[in-house]
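First up is the structure itself, then whatever we jot down about it.
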Amino acid sequence: MNILLLSGSPRKNGNTNAIVQRVAERLKTNHNVEICRITDYQINGCLGCNHCQSVLDKPGCVQDDDVTRLLGKVMDAAVRALLLRAVKASDGSSCSAVQICRRL
Numbered sequence: 152m153n154i155l156l157l158s159g160s161p162r163k164n165g166n167t168n169a170i171v172q173r174v175a176e177r178l179k180t181n182h183n184v185e186i187c188r189i190t191d192y193q194i195n196g197c198l199g200c201n202h203c204q205s206v207l208d209k210p211g212c213v214q215d216d217d218v219t220r221l222l223g224k225v226m227d228a229a230v231r232a233l234l235l236r237a238v239k240a241s242d243g244s245s246c247s248a249v250q251i252c253r254r255l
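Under my numbering, the first residue of the sequence shown is numbered 152, with each subsequent residue one higher.
Right under this line is the structure:
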């Protein structure tokens with residue numbers, strides 16, 4: 152089974168990515184696992200133009216960024232997406248990369 156793990160942490164060697172790596176190690180014994188760090192992709196915020204709502208047979212966003220490429224990885228995975236989302240202990244918010252990833 153193909154499993155895609157999405158990590159939204161801006162810190163490549165931080166605790167969130169360490170947890171994602173450990174989860175991947177456990178899953179790799181029985182599955183094909185790929186880790187994608189959202190911060191490695193160019194993802195723009197939604198423009199609110201609603202163009203994507205009129206396109207049904209393919210990703211319909213008008214923006215020229217990496218969402219289409221990342222969405223292809225999500226769709227190829229048998230487990231569509233396991234998003235490990237960590238929040239800051241100080242205020243309970245998530246990083247901007249995870250917030251912007253709502254377009255997926």
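We treat Cβ as the ideally placed atom computed from N, Cα and C, and that holds for glycine.
Just so we're clear, the structure is a prediction, and the values are computed from it rather than from any experiment.
Sequence-distant residues of the same chain with beta carbon closer than 6 Å to residue i, five excluded per side
i, result
"Arg162", "none"
"His182", "Met152 and Ile154"
"Cys203", "Gly211 and Cys212"
"Ala229", "Met152 and Asn153"
"Ser160", "Thr167 and Asn168"
Continuous beta strand (DSSP E) stretch holding residue i: start and end
i, result
"Asn153", "Asn153 to Ser158"
For residue i, the first and last residue of its enclosing alpha helix (DSSP H)
i, result
"Asn168", "Asn166 to Leu178"
Own chain residues within Cβ distance below 8 Å of residue i, not counting five before or after
i, result
"Lys224", "Leu155, Glu185 and Cys187"
"Ser205", "Gly211"
Assumed close pair residue i, residue j - CB separation to whole angstroms, cut-off 8 Å
i, j, result
"Leu198", "Gln214", "7 Å"
Check: residue i C-beta below 7 Å from any heavy atom of the ligand SAM
i, result
"Pro161", "As for the ligand SAM, it is missing from this structure, which has no ligand bound."
Own chain, CB closer than 7 Å to residue i, minus 5 neighbours either side, in chain order
i, result
"Ala175", "Leu156, Val184 and Ile186"
Original post:
Could you give the uninterrupted runs of the alpha helix (DSSP H) lying entirely in the region 188 to 235, keeping only those of 4 residues or more?
Top reply: Those alpha helix (DSSP H) runs which fall completely within the region 188 to 235 and span 4+ residues are 218 to 227.
**OP:** Please confirm if the region 185 to 194 is in contact with the region 154 to 170, defined as three or more CB-CB distances below 8 Å between the two stretches.
**Re:** Here the region 185 to 194 lies against the region 154 to 170, with 3 or more beta-carbon pairs under 8 Å apart.
Original post:
So does the region 215 to 223 actually touch the region 189 to 196, counting three or more Cβ pairs closer than 8 Å?
Top reply: With the cut-off at 8 Å, the region 215 to 223 and the region 189 to 196 touch.
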